[in-house]
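To start, the structure itself, in structure tokens.
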């Protein structure tokens, strides 16, 4: 059996969780002294999970967005995102990533292509307006591209 890592012993600087919904986080907070530094969960303009995002913010848990581009899915073809991207001289991917950053999430992007990696890093030289943010916010339809943590065993 492995020994649990304890923050107070200095064996770890921070502990994060992945795919925790509000119920999972409430259980963790009620049963331990650990407030996770991060919660990594699927997050993109079509799946914001505002209640989970608000819960993380309220408990000073940094939300980490994985699959922020829906595995190269609908976000990259969305006409609303494309219109905003055109106004800013950016790509759909850059606008989607900037949106998540402005919501306060850390964004985890994966690509095997050098040009996409470089493109995805070019999101710190512009800001979306409040109108842009509201327009993109309307895309939140709860569309998942990954497994739903609520369906995991023991959820």
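Residue numbers (our numbering): 9 to 163.
In this text, a Cβ means the ideal position worked out from N, Cα and C, and glycines have one as well.
As the structure is a computational prediction, the values presented were derived from the model and not from experiment.
Beta-carbon contacts of residue i that lie in its chain and below 6 Å, excluding the five residues immediately before and after
i           : result
residue 24  : 44, 45 and 46
residue 140 : 92
Residue nearest to residue i in terms of C-alpha spacing, selected from the options
i           : options             : result
residue 109 : 27, 17, 19 and 71   : 71
residue 143 : 86, 49 and 17       : 86
residue 134 : 63, 98, 26 and 61   : 98
residue 156 : 41, 50, 40 and 39   : 50
residue 41  : 139, 16, 26 and 123 : 16
residue 79  : 139, 124, 39 and 63 : 124
Distance CB(residue i)-CB(residue j) smaller than 8 Å
i           : j           : result
residue 150 : residue 55  : yes
residue 102 : residue 91  : no
residue 113 : residue 73  : yes
residue 84  : residue 100 : yes
Chain-order list of residues whose beta-carbon lies under 8 Å from that of residue i (same chain, five-residue window excluded)
i           : result
residue 105 : 76, 77, 115, 117, 128 and 131
residue 67  : 33, 37 and 43
residue 136 : 92, 96, 103, 106, 107, 110 and 144
residue 6   : The first residue shown for the chain is 9 and the last is 163, placing residue 6 beyond what the model contains.
Classification of residue i by the beta-carbon crowding that lies within 10 angstroms, buried from 16 upward
i          : result
residue 58 : exposed
residue 19 : exposed
residue 48 : buried
residue 31 : exposed
residue 69 : buried
residue 61 : buried
Cutoff 7 Å; reference residue i; Cβ partners in own chain excluding five residues on either side
i           : result
residue 81  : 153
residue 158 : 29
residue 65  : 112
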